[in-house]
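Novice:
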Amino acid sequence: MKTVKVKQKKTEKRDVAGIIIGILFFLMLAAVCYYVADMLIIGREINEQNISGDWHMTKELNENKTEHWVFMPDGTASFYVVNNQTNQKEEVKTYTYTIEPPEEGKTHPIIRVVPTNVRKSEQEEGTMDIRVSRVTKAEMTVEFIYNRYNTKTTRLTKDLF
């Protein structure tokens, strides 16, 4: 007696809807990854258009005040402090700014901020430099240079949504 092996035909149909949903899921995941990378990782050139907007310092937990810098593409800037409890602006100051190329031996450009609506003697005192080391669409790493010995390195952020 001889045993005969019989192969069965594959009668299963492919799940076309599942394949389409899987492809759409991976396309959506790729789009979200690109959006996050474009906002937070991909660096931009430091110019008036890329730094324009309302930037604020990342606030600490239970911090009462948040400092904001607003840069406009026309070369004007303003600084104000928001009280987080009352949501009101305090200490509003206006400035003009220029982006200067990096100094000799330095790699990052400087934003020279000069106060407006003050006397000439006060204008020299209020002039400040901001060294920008990195800019993305939602984040800017800066060093505030108040004078030769007084600096503060921080990160300014924009709201994503």
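Residues in the sequence shown are numbered from 1019 upward in steps of one, following this note's numbering. Note that CB positions come from ideal geometry on N, CA and C, so glycine has one too.
Distance, Cα to Cα, T1076 vs E1066?
Specialist: Within the sequence shown, numbered from 1, the residue matching residue 1076 stands at position 58. Within the sequence shown, numbered from 1, the residue matching residue 1066 stands at position 48. So the alpha carbons of these two residues sit roughly 22 Å apart.
Novice: Mind pulling the beta strand (DSSP E) runs of 3 or more residues that sit fully within the segment 1129 to 1168?
Specialist: Fully enclosed beta strand (DSSP E) runs of 3 or longer: 1146 to 1153, 1157 to 1163.
Novice: Answer yes or no: the CB of F1089 versus the heavy atoms of the ligand PLP, is any distance below 7 Å?
Specialist: Judged by which ligands are present, the structure shown has none, so any question about the ligand PLP falls away.
Novice: Just how far apart, CA to CA, sit I1117 and I1128?
Specialist: Taking the first residue of the sequence shown as 1, we reach residue 1117 at position 99. Taking the first residue of the sequence shown as 1, we reach residue 1128 at position 110. Each residue's alpha carbon lies about 6 Å from the other.
Novice: Grab me the residues of N1082's own chain with a C-beta within less than 7 Å of its C-beta, minus the 5 sequence neighbours each way, in chain order.
Specialist: Your numbering for residue 1082 matches position 64 in the sequence shown. Here the set comprises N1101, N1102, Q1103.
Novice: Would DSSP call E1085 helix, strand or coil?
Specialist: Position 67 of the sequence shown, counted from the start, is the residue given in the question as residue 1085. DSSP places E1085 in strand when its eight states are reduced to three.
Novice: Going by C-alpha distance, which of T1134, R1152, G1036 is nearest T1145?
Specialist: Counting from one through the sequence shown, the residue named residue 1145 turns up at place 127. When each option's Cα is compared against that of T1145, the closest is T1134.
Novice: Below 8 Å on the Cβ atoms is my guess for D1072 versus V1088; work out the distance and round it to an integer in Å.
Specialist: As a first step, residue 1072 must be located in the sequence shown, where it is residue number 54. As a first step, residue 1088 must be located in the sequence shown, where it is residue number 70. Yes, they are in contact, since the Cβ atoms of D1072 and V1088 sit about 5 Å apart, within 8 Å.
Novice: Give me whichever residues DSSP pairs with M1057 in a beta bridge.
Specialist: Working through the sequence shown from its first residue, we reach residue 1057 at position 39. Bridge partners of M1057: none, in fact.
Novice: Identify every residue that forms a DSSP beta bridge with S1096.
Specialist: Your numbering for residue 1096 matches position 78 in the sequence shown. In DSSP, S1096 forms a bridge with V1088, T1112.
Novice: Per DSSP, what kind of secondary structure is I1181 in: helix, strand or coil?
Specialist: Since the first and last residues shown for the chain are 1019 and 1179, residue 1181 lies out of range.
Novice: Report the option in G1036, T1094, E1063 whose CA atom is closest to the CA atom of T1154.
Specialist: As a first step, residue 1154 is located in the sequence shown; it is residue number 136 there, counting from the start. It is E1063.
Novice: Do E1157 and T1175 have their C-beta atoms closer together than 8 Å?
Specialist: The residue given as residue 1157 occupies position 139 in the sequence shown. The residue given as residue 1175 occupies position 157 in the sequence shown. Yes, Cβ-Cβ distance for E1157 and T1175 is below 8 Å.
Novice: Secondary structure at I1069, three-state DSSP: helix, strand or coil?
Specialist: Counted from its first residue, the sequence shown places residue 1069 at position 51. Three-state result, I1069: helix.
Novice: In whole angstroms, give me the CA-to-CA distance for E1143 and Y1115.
Specialist: In the sequence shown, counting from the first residue as 1, residue 1143 sits at position 125. In the sequence shown, counting from the first residue as 1, residue 1115 sits at position 97. When rounded, the distance between both Cα atoms is 15 Å.
Novice: State the Cα-Cα distance for the pair V1136 and V1050, rounded to the nearest angstrom.
Specialist: The residue labelled residue 1136 in the question sits at position 118 within the sequence shown. The residue labelled residue 1050 in the question sits at position 32 within the sequence shown. Those two C-alpha atoms are separated by around 47 Å.
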